[in-house]
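Chemist: Residue numbers (my numbering), protein chains in the order written: chain D, 326 to 584; chain E, 326 to 584; chain V, 326 to 584; chain H, 326 to 584.
Protein chains: 4
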Amino acid sequence: GHRPFLIAGPCVIESEQLAMDTAGRIAEIAKAIGMPYVFKSSFDKANRTSITSFRGPGLEKGLAVLARVKQQIGVPVLTDVHSEEQATEAGRVVDILQIPAFLCRQTDLLIAAAKTGKVVNIKKGQFLSPPEMGNAVKKVEDSGNRRIVLTERGSSFGYNNLVVDMRSFPIMRRFGYPVVFDATHSVQLPGGGGTKSSGQREFVETLACAAAGAGCDGFFMEVHPDPDSALSDGPNMVPLHTLHSLLERVLRIWDAAAK
Amino acid sequence: GHRPFLIAGPCVIESEQLAMDTAGRIAEIAKAIGMPYVFKSSFDKANRTSITSFRGPGLEKGLAVLARVKQQIGVPVLTDVHSEEQATEAGRVVDILQIPAFLCRQTDLLIAAAKTGKVVNIKKGQFLSPPEMGNAVKKVEDSGNRRIVLTERGSSFGYNNLVVDMRSFPIMRRFGYPVVFDATHSVQLPGGGGTKSSGQREFVETLACAAAGAGCDGFFMEVHPDPDSALSDGPNMVPLHTLHSLLERVLRIWDAAAK
Amino acid sequence: GHRPFLIAGPCVIESEQLAMDTAGRIAEIAKAIGMPYVFKSSFDKANRTSITSFRGPGLEKGLAVLARVKQQIGVPVLTDVHSEEQATEAGRVVDILQIPAFLCRQTDLLIAAAKTGKVVNIKKGQFLSPPEMGNAVKKVEDSGNRRIVLTERGSSFGYNNLVVDMRSFPIMRRFGYPVVFDATHSVQLPGGGGTKSSGQREFVETLACAAAGAGCDGFFMEVHPDPDSALSDGPNMVPLHTLHSLLERVLRIWDAAAK
Amino acid sequence: GHRPFLIAGPCVIESEQLAMDTAGRIAEIAKAIGMPYVFKSSFDKANRTSITSFRGPGLEKGLAVLARVKQQIGVPVLTDVHSEEQATEAGRVVDILQIPAFLCRQTDLLIAAAKTGKVVNIKKGQFLSPPEMGNAVKKVEDSGNRRIVLTERGSSFGYNNLVVDMRSFPIMRRFGYPVVFDATHSVQLPGGGGTKSSGQREFVETLACAAAGAGCDGFFMEVHPDPDSALSDGPNMVPLHTLHSLLERVLRIWDAAAK
Chain D
326 GHRPFLIAGP CVIESEQLAM DTAGRIAEIA KAIGMPYVFK SSFDKANRTS ITSFRGPGLE
386 KGLAVLARVK QQIGVPVLTD VHSEEQATEA GRVVDILQIP AFLCRQTDLL IAAAKTGKVV
446 NIKKGQFLSP PEMGNAVKKV EDSGNRRIVL TERGSSFGYN NLVVDMRSFP IMRRFGYPVV
506 FDATHSVQLP GGGGTKSSGQ REFVETLACA AAGAGCDGFF MEVHPDPDSA LSDGPNMVPL
566 HTLHSLLERV LRIWDAAAK
Chain E
326 GHRPFLIAGP CVIESEQLAM DTAGRIAEIA KAIGMPYVFK SSFDKANRTS ITSFRGPGLE
386 KGLAVLARVK QQIGVPVLTD VHSEEQATEA GRVVDILQIP AFLCRQTDLL IAAAKTGKVV
446 NIKKGQFLSP PEMGNAVKKV EDSGNRRIVL TERGSSFGYN NLVVDMRSFP IMRRFGYPVV
506 FDATHSVQLP GGGGTKSSGQ REFVETLACA AAGAGCDGFF MEVHPDPDSA LSDGPNMVPL
566 HTLHSLLERV LRIWDAAAK
Chain V
326 GHRPFLIAGP CVIESEQLAM DTAGRIAEIA KAIGMPYVFK SSFDKANRTS ITSFRGPGLE
386 KGLAVLARVK QQIGVPVLTD VHSEEQATEA GRVVDILQIP AFLCRQTDLL IAAAKTGKVV
446 NIKKGQFLSP PEMGNAVKKV EDSGNRRIVL TERGSSFGYN NLVVDMRSFP IMRRFGYPVV
506 FDATHSVQLP GGGGTKSSGQ REFVETLACA AAGAGCDGFF MEVHPDPDSA LSDGPNMVPL
566 HTLHSLLERV LRIWDAAAK
Chain H
326 GHRPFLIAGP CVIESEQLAM DTAGRIAEIA KAIGMPYVFK SSFDKANRTS ITSFRGPGLE
386 KGLAVLARVK QQIGVPVLTD VHSEEQATEA GRVVDILQIP AFLCRQTDLL IAAAKTGKVV
446 NIKKGQFLSP PEMGNAVKKV EDSGNRRIVL TERGSSFGYN NLVVDMRSFP IMRRFGYPVV
506 FDATHSVQLP GGGGTKSSGQ REFVETLACA AAGAGCDGFF MEVHPDPDSA LSDGPNMVPL
566 HTLHSLLERV LRIWDAAAK
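1. Taking the alpha-carbon positions, what's the residue 582 of chain E to residue 480 of chain V distance?
2. Please list, in chain order, the chain H residues whose beta carbon lies closer than 7 Å to that of residue 484 of chain E.
3. Thinking just about the alpha-carbon of each residue, which of H:468, H:353, H:415, H:533 is nearest to the one in residue 489 of chain H?
4. Relative to the ligand GDP, is the shortest distance from any of its heavy atoms to the C-beta of residue 498 of chain H smaller than 7 Å?
5. Hey, could you find the ends of the alpha helix (DSSP H) residue 566 of chain D is sitting in?
6. Please confirm whether residue 496 of chain E has its beta-carbon closer than 8 Å to some beta-carbon of chain V.
7. Suppose contacts are defined by Cβ-Cβ distances below 8 Å. Is residue 426 of chain D in contact with residue 465 of chain D by that definition?
8. So is residue 516 of chain D in contact with chain H if we call contact Cβ pairs under 8 Å?
9. Is residue 534 of chain E close to chain D, meaning its C-beta is less than 8 Å from at least one C-beta of that chain?
10. Using the rule of at least 16 other Cβ atoms within 10 Å of the residue's Cβ for burial, across every protein chain shown, is residue 549 of chain D buried or exposed?
11. Would you say residue 371 of chain E reaches chain V, if we count a Cβ-Cβ gap shorter than 8 Å as a contact?
12. My output table needs one value for residue 527 of chain D: the three-state DSSP class, helix, strand or coil.
13. Put residue 521 of chain H into one of helix, strand or coil per three-state DSSP.
14. Of all Cβ atoms in chain D, is any one closer than 8 Å to the Cβ of residue 427 of chain H?
15. Residues in the segment 432–457 of chain E with C-beta within 9 Å of chain V's C-beta atoms, listed in sequence order?
16. Taking the C-alpha atoms as reference points, what is the distance between residue 506 of chain V and residue 579 of chain V?
17. When you compare each of D:493, D:370, D:538 to residue 433 of chain H by their alpha carbons, which one comes out closest?
18. Between residue 489 of chain V and chain H, is there a C-beta pair that is closer than 8 Å?
19. Considering just the uninterrupted stretch of the beta strand (DSSP E) at residue 410 of chain D, what are its terminal residues?
20. Given a cut-off of 8 Å on the beta-carbon distance, is the pair residue 535 of chain H and residue 491 of chain H in contact?
21. Helix, strand or coil for residue 561 of chain E? Go by DSSP, reduced to three states.
22. Starting from residue 333 of chain H and walking both ways along the beta strand (DSSP E), at which residues does that stretch end?
23. Under DSSP, the beta strand (DSSP E) around residue 423 of chain V begins and ends at which residues?
24. Classify residue 340 of chain V: buried if its beta carbon has 16 or more other beta carbons within 10 angstroms, exposed otherwise.
25. Might you give, ordered along the chain, the residues of its own chain that have their beta carbon closer than 8 Å to the beta carbon of residue 543 of chain E, omitting 5 neighbours on each side?
26. Evaluate contact between the segment 346–358 of chain E and the segment 396–411 of chain E, counting only Cβ atoms and requiring at least three cross-stretch pairs below 8 Å.
27. Can you tell which of E:416, E:374, E:384, E:452 has the C-alpha that lies nearest to the C-alpha of residue 522 of chain V?
28. Quick check on residue 531 of chain E - is its C-beta less than 8 Å from some C-beta in chain D?
29. Compare the C-beta of residue 510 of chain V against all C-beta atoms of chain E and say whether one is closer than 8 Å.
30. What's the gap between the Cα of residue 336 of chain E and the Cα of residue 525 of chain E?
31. Got a sec, what are the start and stop residues for the beta strand (DSSP E) residue 507 of chain H sits in?
32. Which first and last residues belong to the beta strand (DSSP E) in which residue 477 of chain H is found?
33. In terms of alpha-carbon separation, which member of E:530, E:540, E:564, E:408 lies closest to residue 573 of chain E?
34. With 16 as the cutoff for other CB atoms within 10 Å, does residue 355 of chain V come out buried or exposed?
35. List the endpoints of the continuous alpha helix (DSSP H) containing residue 374 of chain V.
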């Protein structure tokens, strides 16, 4: 039957091996539980809290890894882009171009992503109300692309904290495109760790289950075989060995809500 | 099997007839779907936005109505109290004394409610983080009462808006008591209507389903046969004729989450 | 010339000696710089975070101390009330009855305070937008009392933090009554200390100077000879020995803004 | 004596004539009251709410206008940049490169701006706590540039609203660089006008006076001869004919605070 899709992978492409292994393992899990799966990983973490943080392999090497994942694992791939040039380049390789939340109002980036003809996943800015995403949608539509996905990843709630407003799912679904819940960035504590963001991995499941109840079309999760040794976003990533049971529970709730 | 309970009824006791009819009808619905049911209605709306708003029948008449509901419909009853005297008086009639969110830090009120020996339902203040509710819990426990319920009803989110932080359910459950989700006050827009609060009834279902997914122990809903003609909180109350299907969906999700 | 007034004193009446000494010393400072002065202290801290916190001498003893301060120091006195009975009793002694922020929507308390004929100082709830205070004002006016003061003390900003929105001064002044800035409660970090509120005393001066620039009619500050040994609200109280120079700077700014 | 500086001009370069006229008139006012003055205008509004909004003359024509303002009016000029290329290009003409608030975490943009050797003005993201700006500062410093300015422009406060936390001035000043208050963007209501941001021009003066009291080093204001006919940000810009008296009042307060 109808199932929500899964966008998942390590935050950043730490190595080809890690990307391949993680993609392969998640693809098996997704297949076992019947979720369409898209591999996600970043070639560049362009807005790390600190200038000394690890950023990734860069555009060229990163796209090469994504191409190999796509070919060898046989799954569509997604990556995030931060400039028009990156959008154009990445659009030649990946299936979904992702617009980071901080950049969701940058008109030229949205247009460049739209013009690749690939699916554009726009993350809702932490500073934006759900109805305002209609303006981002229109920027892509008016550039001739109606392959759009929207992603909820939490709203600024005082300092160093985010809150997920579950009303955003029905509001954003009114635009006519799939709405994804990003369960791992939603538990970030921005700047909560001084020179890095910390996170509350322990709430990923609660929020994913809540979003499944509220009604969304897909789930986004950063997943790592060993989050505590990850080069980016360790505190909020899901450990790979817990993914299967987490998704089973989320799906059970999603099915119950969709009936 | 194990089921969440339902606290529901018209916001305020508009008349004995309305209370009785609504209680009877909700009791039937709750029985049909297997939810333990507690009738809720207020004898006095002590913090209405405007001084000219309808406040209810008052303590004496209100308690008389609640006593009759309890006797004739055969369900436990809950009401909210705003002073030590009201707590003591109401404690002679009702099964659950509710502490309003604005008053959840008033030590004497908590102690007076605790000393009745009845169940004390403490609503989380809109200005409070979930862990802070541990202090309210302790005030009741230290007064010799361990029959406690906690209720989430949204947090202040800028002006004239509330947001429900689904992380509050696992956090408050750590205190060892049932945690309820108040689905109708959570969609209030405080002061959004000038001299009254407005509300977004259309999001009650989304939030209740999300809370069911997140995991709570009970649901609180203000219900009215005709919310648009209600004397208080009309914009956020659930119409009685939609309650059955709403609860069925919520329960389906709750069951899936509890498995 | 025209000057803003000062409401100041120790958070709670720890002893008659402390109240008298602090009132006397602040009165001298206020006289030296030409600010009308009202002594503030609480007889009961009814909403302390923890049930084991010190609460004060109680109504009877507290009012006796306030009466002696009034008589011997020769200044008007203010205290906060939490029930209709307290309002009526305190109204026989004090010049200004203060409605705590959490209770600013409790209609009966506002009416009882209004009916004493004394000045009613309503603190704006942390959960309230500035225009909503018009409803509190109307509750007092409709009870026949037009001696009203409104106090800004910060708004909920995520968890365990408050933010002062300086737009609230011009908005609340439109109601036609003096607006006070509470500089010490505005730097509280509610629940920030686990079983007590912590505070950021270091920002009292910044916020008081900002409010002086924005335009307010009075300043409220909790002051203690030795805040670190105070029995309540130590982390945010102003040390008595710094008050003179703090007020001089605030007044200089206030004068510049009022020109 | 020591005076705060002024960054001001029309939001966007609507025409060379408008830029020149406005710069000339503001320069006269600034000279009359003794404030060092920097002309500000954007060549491209890259993150307008709607794709159909006016965006400006573009990089080349815009820089040409800025160069003429600089030469003919004899004042330093500032513009905002959205990509590394723009930073490099604009760095050849302007004196101050401004990093937009949404982009304040984009590492490459900060580095590119830093490497021009020009002053870098980093606007604090609406989603950022004041201490987190230390990470942005470090990104510029580590790129070999210590000519930094930081700008407060409000924090997300629920949906469609911003609040200015005056504590941010002393916190950000600790980094050792001048801190500017952006008085006109701080009164924006993001998305408050559906397909455009609305604003509350009536609070510009209140907030600027508050910031003057709190202590800042400069003021940023978008100014237009006729805001209601402006092509961008009309609802929050300061009408040119009111600028002189507004600045006089702000300066009076600033002087009083600085004494």
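Idealized CB from N, CA, C, for every residue including glycine.
Modeler: Considering the structure as presented:
1. Counted from its first residue, the second sequence places residue 582 of chain E at position 257. Counted from its first residue, the third sequence places residue 480 of chain V at position 155. Computed Cα separation, rounded: 36 Å.
2. Counting from one through the second sequence, the residue named residue 484 of chain E turns up at place 159. In chain order: 483, 486.
3. Residue 489 of chain H sits at position 164 when you count from the first residue of the fourth sequence. For residue 489 of chain H, the nearest C-alpha among the options comes from H:533.
4. Of the ligands one can find in the structure shown there are none, so the ligand GDP has no counterpart to examine.
5. Locating residue 566 of chain D in the first sequence gives position 241, counting from the first residue. Segment 565–583, the alpha helix (DSSP H) holding residue 566 of chain D.
6. Here the question's residue 496 of chain E lines up with position 171 in the second sequence. So no, residue 496 of chain E is outside the interface.
7. As a working note, residue 426 of chain D is residue 101 in the first sequence. As a working note, residue 465 of chain D is residue 140 in the first sequence. No, the pair does not count as a contact, with Cβ atoms beyond the cut-off.
8. As a position in the first sequence, residue 516 of chain D is number 191, starting the count at 1. It does: the Cβ of residue 516 of chain D has a partner Cβ on chain H nearer than 8 Å.
9. Taking the second sequence and counting its residues from 1, the one referred to as residue 534 of chain E is at position 209. Interface residue, yes.
10. On the first sequence, residue 549 of chain D is found 224 positions in, with the first residue counted as 1. Looking at its Cβ environment, which holds 16 or more other Cβ atoms inside 10 Å, residue 549 of chain D is buried.
11. On the second sequence, position 46 is the one that residue 371 of chain E refers to. So, interface residue.
12. Here the question's residue 527 of chain D lines up with position 202 in the first sequence. In this structure, residue 527 of chain D counts as helix in the three-state DSSP scheme.
13. Walking along the fourth sequence from the start, residue 521 of chain H turns up at place 196. Of the three classes helix, strand and coil, the one that applies to residue 521 of chain H here is coil, per DSSP.
14. In the fourth sequence, counting from the first residue as 1, residue 427 of chain H sits at position 102. Cβ-Cβ to chain D under 8 Å: yes for residue 427 of chain H.
15. Correct list: 432, 433, 434, 435, 436, 450, 451, 452, 453, 454, 455, 456, 457.
16. Indexing the third sequence from 1 puts residue 506 of chain V at position 181. Indexing the third sequence from 1 puts residue 579 of chain V at position 254. Approximately 12 Å between the Cα atoms of the pair.
17. To locate residue 433 of chain H, count along the fourth sequence from 1; it is residue 108. The shortest C-alpha separation from residue 433 of chain H is found at D:370.
18. In the third sequence, residue 489 of chain V corresponds to position 164, counting from 1. Chain H, which has a Cβ nearer than 8 Å to the Cβ of residue 489 of chain V, makes this yes.
19. As a position in the first sequence, residue 410 of chain D is number 85, starting the count at 1. Run containing residue 410 of chain D: none in the beta strand (DSSP E); it sits in the alpha helix (DSSP H), 409–416.
20. Within the fourth sequence, numbered from 1, the residue matching residue 535 of chain H stands at position 210. Within the fourth sequence, numbered from 1, the residue matching residue 491 of chain H stands at position 166. Taking 8 Å as the Cβ cut-off, residue 535 of chain H and residue 491 of chain H qualify as a contacting pair.
21. Position 236 of the second sequence, counted from the first residue, corresponds to residue 561 of chain E. Helix.
22. Reading the fourth sequence from its first residue, position 8 is the one you call residue 333 of chain H. First-last of the beta strand (DSSP E) with residue 333 of chain H: 330–334.
23. As a position in the third sequence, residue 423 of chain V is number 98, starting the count at 1. Note, residue 423 of chain V: beta strand (DSSP E), 421–424.
24. Position 15 of the third sequence, counted from the first residue, corresponds to residue 340 of chain V. That one is exposed.
25. Working through the second sequence from its first residue, we reach residue 543 of chain E at position 218. Closer than 8 Å at the Cβ level, and outside the excluded window around residue 543 of chain E, lie 329, 330, 331, 332, 474, 503, 504, 505, 506.
26. Judged by Cβ distances under 8 Å, the segment 346–358 of chain E makes contact with the segment 396–411 of chain E, as three or more pairs qualify.
27. As a working note, residue 522 of chain V is residue 197 in the third sequence. Comparing Cα-Cα distances from residue 522 of chain V to each of E:416, E:374, E:384, E:452, the minimum goes to E:452.
28. Residue numbering aside, residue 531 of chain E sits at position 206 when the second sequence is read from its first letter. For residue 531 of chain E, the answer is yes, since a Cβ of chain D falls inside 8 Å of its Cβ.
29. The residue you call residue 510 of chain V lines up with position 185 of the third sequence. No, because no Cβ of chain E sits closer than 8 Å to the Cβ of residue 510 of chain V.
30. Counted from its first residue, the second sequence places residue 336 of chain E at position 11. Counted from its first residue, the second sequence places residue 525 of chain E at position 200. Their Cα atoms are separated by approximately 16 Å.
31. For the purposes of this step, residue 507 of chain H is taken as residue 182 along the fourth sequence, with counting starting at 1. Segment 504–507, the beta strand (DSSP E) holding residue 507 of chain H.
32. Along the fourth sequence, read from residue 1 onward, the residue named residue 477 of chain H stands at position 152. 473–477 is the span of the beta strand (DSSP E), which, as asked, contains residue 477 of chain H.
33. Within the second sequence, the letter at position 248 stands for residue 573 of chain E. Measuring from the Cα of residue 573 of chain E, the nearest candidate turns out to be E:530.
34. Your numbering for residue 355 of chain V matches position 30 in the third sequence. Label assigned to residue 355 of chain V: buried.
35. One-based indexing of the third sequence puts residue 374 of chain V at position 49. Neither: residue 374 of chain V is in no alpha helix (DSSP H) and is coded neither H nor E.
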